[in-house]
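Asks:
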Amino acid sequence: MAKKAAKKPAAKKSAAKSGGKSTKYVYTWGGGKADGNGSMKALLGGKGANLAEMTRIGLPVPPGFTVTTEVCTYYYDHKRSYPAELRGQMEAGIRNMEKIMGCKFGDAKGMPLLVAVRSGARDSMPGMMDTILNLGLNDQTVEALVNATRNERFAWDCYRRFVQMYGDVVL
């Protein structure tokens, strides 16, 4: 008897403000809630699915969000463009992190929200994927980090690390 091929989980549909349907491209976790779970590796990648699952079962996980593997598929299927809904969904993901953490992305006066951007894949590839730490630091927010932590060396080292990683990964 032949086995049925495992079906790839599809991205959820959510109602758009226009009344039509839009695809869910961003799955959030944090504050004890997660949009996804551990069985969604094909859609969220191994790292994203595991972070959602750890949150779901009550482990302490910093808030964040996963951009689905469907975005990569869309990008290549649509002449290297992103889905129209992606930006708004990512902004909502950032607002969710800001709410949970009590700090704001780009805040040059208080404690700025700093995030890690980690690439992922459906299958685990330790050491093969790129990471950018401390996204959110710039010439203004580093001063806010100095003031918030009272540790100038720490703040500038975080900024240095961000610039170095950005240069290695993006440029």
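Mapping of the sequence shown onto the working numbering: residues 469 to 639, in sequence order. We put the CB at the ideal spot given by N, CA and C, even for glycine. Given the structure is predicted, the values throughout are model-derived calculations rather than measurements.
Per DSSP, residue 498 is paired with what?
Replies: Paired residues: 501.
Asks: Quick check on the DSSP output: what are the complete beta strand (DSSP E) runs of length 3 or more inside the segment 529–596, in order along the chain?
Replies: 532–535, 583–586
Asks: How would you label residue 557, buried or exposed, when you count the other beta carbons within 10 angstroms and need 16 or more for buried?
Replies: buried
Asks: Quick one: measure Cβ to Cβ for residue 498 and residue 531, integer angstroms, because I've assumed they're closer than 8 Å.
Replies: The Cβ separation is near 2 Å, so the contact holds.
Asks: Since residue 606 is in the beta strand (DSSP E), which residue starts that stretch and which ends it?
Replies: DSSP places residue 606 in no beta strand (DSSP E); its state is neither H nor E.
Asks: For the structure I just gave you, are there three or more beta carbon pairs, one from the segment 543–550 and one from the segment 610–620, closer than 8 Å?
Replies: no
Asks: Label residue 609 either buried or exposed according to how many other C-beta atoms from any shown protein chain fall within 10 Å of its C-beta, with 16 as the threshold for buried.
Replies: Classification of residue 609: buried, given that the 10 Å Cβ count is 16 or more.
Asks: With a CB to CB cut of under 7 Å and the five nearest residues on each side skipped, what residues in its chain are close to residue 601?
Replies: 584, 629, 630, 633
Asks: Using DSSP with H/G/I as helix, E/B as strand and the rest coil, what is residue 492?
Replies: Under the three-state reduction of DSSP, residue 492 is assigned to coil, being neither helix nor strand.
Asks: CB residue 514 to CB residue 534, shorter than 8 Å?
Replies: no
Asks: Leaving aside the five residues before and after residue 521 along the sequence, list all residues of the same chain whose C-beta is less than 6 Å from its C-beta, in chain order.
Replies: 505, 506
Asks: Could you say which of 613, 599, 598 lies nearest to residue 605 if we only look at CA atoms?
Replies: 613
Asks: From this set, 597, 577, 525, 593, which residue's C-alpha is nearest residue 607's C-alpha?
Replies: Taking residue 607 as reference, the option from 597, 577, 525, 593 with the minimal CA-CA separation is 577.
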